[in-house]
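First up is the structure itself, then whatever we jot down about it.
Protein chains in written order, with my numbering: chain A, 145 to 308; chain B, 145 to 308; chain C, 145 to 308.
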């Protein structure tokens with residue numbers, strides 16, 4: 145039987161990328177998903193292509209990267225995050241609630257529409273998990289620099305469902 | 145009977161603003177307060193006027209905005225956060241403990257007194273909730289940009305009291 | 145009997161600094177370590193010398209501060225964090241799991257190797273606590289400014305062991 149969330153992704157025409165391909169030595173000691181009891185911490189995720197590799201466009205939002213491109217980058221970062229969660233949890237139906245999303249925008253000095261950038265990631269969550277499970281508290285801020293000069297990075301905390 | 149915390153606010157001469165008036169479409173998918181069991185995540189809050197609207201002064205702390213103005217902005221952001229919590233929880237007495245406060249200062253290159261800015265928000269918490277409930281771990285950092293070009297933004301995690 | 149973690153630190157030739165010497169008034173309302181049930185929030189920690197005082201080199205990583213110096217700063221910030229945890233918990237063996245590490249690099253415009261900077265702190269955790277307890281989700285980003293113009297700051301969330 146197909147998982148409920150996977151079916152929902154299919155209905156939305158969304159395909160998860162391959163799990164993030166991390167070049168050896170990128171992360172030492174830290175891991176992409178940390179599970180402890182029913183608590184799940186997801187480390188920083190950046191935009192990935194379908195093969196799970198960090199992808200462009202690169203640069204500052206408001207300069208080299210447009211608002212629309214940044215929204216697509218936020219969406220891709222979220223799909224990569226879902227791929228990491230699926231790899232770690234086995235089944236995305238195990239996610240009970242999204243709690244917090246931290247959203248970081250690699251910003252040009254003149255840009256400040258960070259909520260509009262992150263809305264692309266947040267909307268995907270609500271579209272896929274529904275409002276009750278997918279709604280979350282959020283931070284959306286402008287940052288001086290992100291690894292690989294990606295335009296957007298996100299981190300999250302979720303809880304596991306009591307039973308699935 | 146008046147809530148204990150409301151009474152304390154009154155003693156301090158503090159009036160909470162109207163709940164944040166968010167123009168439609170500002171946040172999609174994300175919500176200001178996320179409650180899950182006894183855990184409460186509060187998303188990014190910015191300075192509000194008494195009518196619950198984002199207010200100035202706007203700009204970088206250390207340039208367009210002075211230290212004193214930034215402290216007042218931090219205090220206003222915290223009052224807006226309390227207004228959101230009251231709207232969501234019904235009664236601020238339900239807050240058991242403040243755990244973490246994230247404080248972000250929209251910074252000019254020459255400014256770095258971020259703890260002094262955030263002290264205005266942290267002190268308010270301890271004045272209102274007392275040291276045992278109000279003390280919290282904190283991050284106070286300089287940020288390249290904040291939405292609407294506000295000088296300060298805060299996010300938080302709190303827990304609900306076991307019973308009130 | 146020496147604590148297991150203290151013994152491990154000794155084996156690694158690591159000496160914790162004196163607990164952070166905070167000049168009066170630096171933090172108002174916020175505290176370095178917030179314990180609530182089995183949850184422990186650790187506020188922002190910066191590089192300390194062995195006497196527990198904020199130490200240099202100061203400035204932006206990629207300009208005044210080199211990658212190698214930033215890695216040493218990240219390591220020192222982590223040792224200061226362990227000193228705060230030891231002071232608060234009495235015994236570092238009480239730490240059950242590291243959950244999340246937030247890593248902030250005071251960045252020059254041309255620098256973006258934030259994961260390499262933070263790896264120095266993350267590796268120390270895994271060396272000391274082992275992979276199962278020490279691995280953590282992480283954020284490693286570039287920041288416009290940090291207090292005292294330090295090059296690196298970290299914050300964390302950990303859980304207490306069920307019983308020690």
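Every residue gets a Cβ at the ideal spot worked out from N, C-alpha and C, and that includes glycine.
Please list, in chain order, the residues of the stretch 241-262 of chain B that have any C-beta partner in chain A closer than 9 Å.
Result list: 246, 248, 250.
Closer than 9 Å between beta carbons: that is the criterion. Which residues of the stretch 173-187 of chain A meet it against chain C?
Going along the stretch 173-187 of chain A in chain order, one finds 173, 174, 175, 176, 177, 178, 180, 181, 183, 184, 185, 186, 187 with a Cβ nearer than 9 Å to chain C.
Would you mind stating whether residue 149 of chain A and residue 236 of chain A have Cβ atoms separated by less than 7 Å?
Yes. Within cutoff.
Give a yes or no on whether the minimum CB-CB distance between residue 239 of chain A and chain C is below 7 Å.
No, no contact with chain C.
May I have the straight-line CA-CA distance separating residue 271 of chain C from residue 169 of chain A, to the nearest angstrom?
Roughly 15 Å between the two C-alpha positions.
For residue 222 of chain A, which residues in the same chain have their Cβ closer than 6 Å to its Cβ, ignoring the five residues on either side in sequence?
Only 265, 268 meet the Cβ criterion.
Under the rule that 16 or more other beta-carbon atoms within 10 Å means buried, what is residue 293 of chain A, buried or exposed?
Buried: at least 16 other Cβ atoms inside 10 Å.
For residue 288 of chain C, would you say it is in contact with chain A, using Cβ-to-Cβ distances shorter than 7 Å as the test?
At least one chain A Cβ lies under 7 Å of residue 288 of chain C.
Would you say residue 189 of chain A reaches chain B, if we count a Cβ-Cβ gap shorter than 7 Å as a contact?
Not closer than 7 Å to any Cβ of chain B, the Cβ of residue 189 of chain A fails to qualify, so no.
Which residues in the same chain have their Cβ closer than 6 Å to the Cβ of residue 165 of chain B, if we skip the five residues on either side of it in sequence?
The residues are 196, 197.
What do you get for residue 300 of chain B, buried or exposed, if any count of 16 or more other CB atoms within 10 angstroms of its CB means buried?
Its Cβ being crowded by 16 or more others within 10 Å, residue 300 of chain B is buried.
Using the three-state DSSP reduction, which class does residue 236 of chain C fall into: helix, strand or coil?
DSSP places residue 236 of chain C in helix when its eight states are reduced to three.
Taking 7 Å as the CB-CB limit, is residue 149 of chain A close to chain B?
No, because no Cβ of chain B sits closer than 7 Å to the Cβ of residue 149 of chain A.
So, under 8 Å CB-CB, residue 284 of chain A and residue 262 of chain A are touching, yes? Tell me the CB distance rounded to an integer number of Å.
Confirmed, about 4 Å.
Give the residues from the stretch 151-165 of chain B that approach chain C closer than 8 Å (Cβ to any Cβ), ordered along the chain.
Residues passing the 8 Å Cβ filter: none.
I'd like the list of long-range same chain contacts for residue 232 of chain A, defined as Cβ closer than 6 Å, with 5 residues on each side in sequence excluded.
Excluding sequence neighbours, residue 232 of chain A sits near 177.
Assuming residue 225 of chain A and residue 189 of chain A are in contact, meaning their beta carbons sit under 8 Å apart, how far apart are those beta carbons, in whole angstroms?
4 Å between Cβ atoms; contact.
In its own chain, which residues sit with a C-beta less than 8 Å from the C-beta of residue 323 of chain A, not counting the 5 before and 5 after it?
Outside the displayed range of chain A (145 to 308) lies residue 323 of chain A, so it cannot be described from this structure.
Of all the options A:303, A:304, A:302, A:291, which has the alpha carbon lying nearest to the alpha carbon of residue 199 of chain A?
Selected option, being the one with the closest Cα: A:291.
Which residues in chain C sit within 9 Å of residue 283 of chain A, going by Cβ to Cβ distance?
Result: empty, since nearest Cβ-Cβ is about 11 Å, beyond 9 Å.
Name the chain A residues whose beta carbon is nearer than 8 Å to that of residue 168 of chain C?
Within 8 Å Cβ-Cβ: nothing; residue 168 of chain C doesn't reach chain A, min ~30 Å.
I'd like to know if residue 228 of chain B contacts chain C, where contact means its C-beta is closer than 7 Å to some C-beta of that chain.
By this cut-off, residue 228 of chain B is not an interface position.
Our contact map puts residue 228 of chain C next to residue 163 of chain C with C-beta atoms below 8 Å; I'd like the distance itself, whole angstroms only.
Going by Cβ atoms, the distance from residue 228 of chain C to residue 163 of chain C rounds to 6 Å, so yes, they are a contact pair.
Please specify which runs of the alpha helix (DSSP H), each continuous and at least 4 residues long, are wholly inside the stretch 214-289 of chain B, giving them in chain order.
Runs of the alpha helix (DSSP H) inside the stretch 214-289 of chain B: 258-278.
Look up residue 304 of chain C in the DSSP assignment and say whether it is helix, strand or coil.
Note: residue 304 of chain C maps to strand in three-state DSSP.
Counting only beta-carbon separations shorter than 7 Å, does residue 232 of chain A have a partner in chain C?
For residue 232 of chain A, the answer is no, since every Cβ of chain C falls outside 7 Å of its Cβ.
For residue 240 of chain B and residue 160 of chain C, what's the separation of their Cα atoms in angstroms?
Roughly 33 Å between the two C-alpha positions.
Which stretch, first to last residue, makes up the beta strand (DSSP E) that contains residue 350 of chain C?
For chain C, the structure presents residues 145 to 308; residue 350 of chain C sits outside this window and is missing.
Which whole-angstrom value is the C-beta distance of residue 282 of chain B and residue 187 of chain C, which I expect to be below 8 Å?
Between residue 187 of chain C and residue 282 of chain B the Cβ distance is about 5 Å, and since that is below 8 Å, they are a contact.
For residue 243 of chain B, which of C:167, C:183, C:156 has the nearest alpha-carbon?
Closest by alpha carbon: C:183.
Please return the same chain residues whose Cβ sits closer than 7 Å to the Cβ of residue 274 of chain C, not counting the five positions on each side in sequence.
Answer for residue 274 of chain C: no residue qualifies.
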